[in-house]
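As C-alpha cells, the structure follows; a few thoughts come after it.
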Amino acid sequence: MKKYVAAALTFLVICAVFLIATINKNPLHIYQVPENFTGQVEVTFEQSDSPPLQKERNAYIYIIPQSGELKTSSTLKSGPVEVYYIDNQGTRKKVSHEQLHNVASTHSSDRGTTSTFFIGSKEQYENYLKQQ
C-alpha cells in the first residue's frame, strides 16, 4: 500500500512541476488606455528611437496615449492580452470583451511589426471599417 501512495505522490509532484513550468510561459500583455477611449490602438514594435515597454513580473505594460499610437523598441512576443481603461488616479477598469474588436491583428513591414485593435461599440467599429 505504501508503494502505491509513494508512486501516486511522485506522479502528482511530477505533474505539478510540469504545470508550473508551462504556466506563464508567454508573458501577459496589459494595455492601459485613457479612460473612455474609443478608436484604434496601434503599437509599432522594433523602433530603435523609442523606449522599451515597461515590465511587471511576467507582464508587459503598454501605456497608450490619447492618440492611440505607441512606438516601442521592444519586440512583439505572443501571449494573452488584457485591456484596461486607466483614470487620472491610475485606477484600472477592465475593458469588456464586447468593446474589443480585431485584437489579434499584426502586420509586418520594413518599418517593424505593428499590432492593432479597436475599442468601441460594434457600431463604432463598423463605422470605422467603412472609413478605411
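In the working numbering, the protein residues as written are 2 to 133.
A virtual CB, placed ideally from N, CA and C, is assigned to each residue, including glycine.
Everything numeric in this text was worked out from a predicted model, so none of it was measured.
Taking the continuous alpha helix (DSSP H) assigned at residue i, which residues delimit it?
{"i": "Leu77", "result": "Neither: Leu77 is in no alpha helix (DSSP H) and is coded neither H nor E."}
Would you decide whether residue i is buried or exposed? Buried here means 16 or more other CB atoms lie within 10 Å of its CB.
{"i": "Ala102", "result": "The question names Ala, but residue 102 in the sequence shown is His. His102 should be labelled buried."}
{"i": "Thr45", "result": "buried"}
{"i": "Ser116", "result": "buried"}
Closer than 8 Å by C-beta to residue i: which residues in its own chain qualify, once you throw out the five before and the five after it? Chain order, please.
{"i": "Gln67", "result": "Pro35, Phe38"}
{"i": "Gly113", "result": "Thr45, Phe46, Glu47, Gln48"}
Residue i by DSSP, collapsed to three states: which one?
{"i": "Leu54", "result": "coil"}
{"i": "Glu83", "result": "strand"}
{"i": "Glu36", "result": "coil"}
{"i": "Gln41", "result": "strand"}
Rounded to the nearest angstrom, how far is the Cβ of residue i from that of residue j, given a contact under 8 Å?
{"i": "Gly69", "j": "Gly91", "result": "Not quite, the Cβ-Cβ distance comes to about 19 Å (not below 8 Å), so this is no contact."}
Could you please give the first and the last residue of the uninterrupted beta strand (DSSP E) stretch that includes residue i?
{"i": "Gln133", "result": "Counting along the chain, Gln133 falls outside any beta strand (DSSP E), and DSSP gives it neither H nor E."}
{"i": "Ser122", "result": "Here Ser122 belongs to no beta strand (DSSP E), and DSSP marks it neither H nor E."}
{"i": "Thr107", "result": "101-110"}
Sorted by chain position, which residues of the same chain lie with C-beta nearer than 6 Å to residue i's C-beta, five sequence neighbours on each side aside?
{"i": "Ile62", "result": "Ile31, Gln55"}
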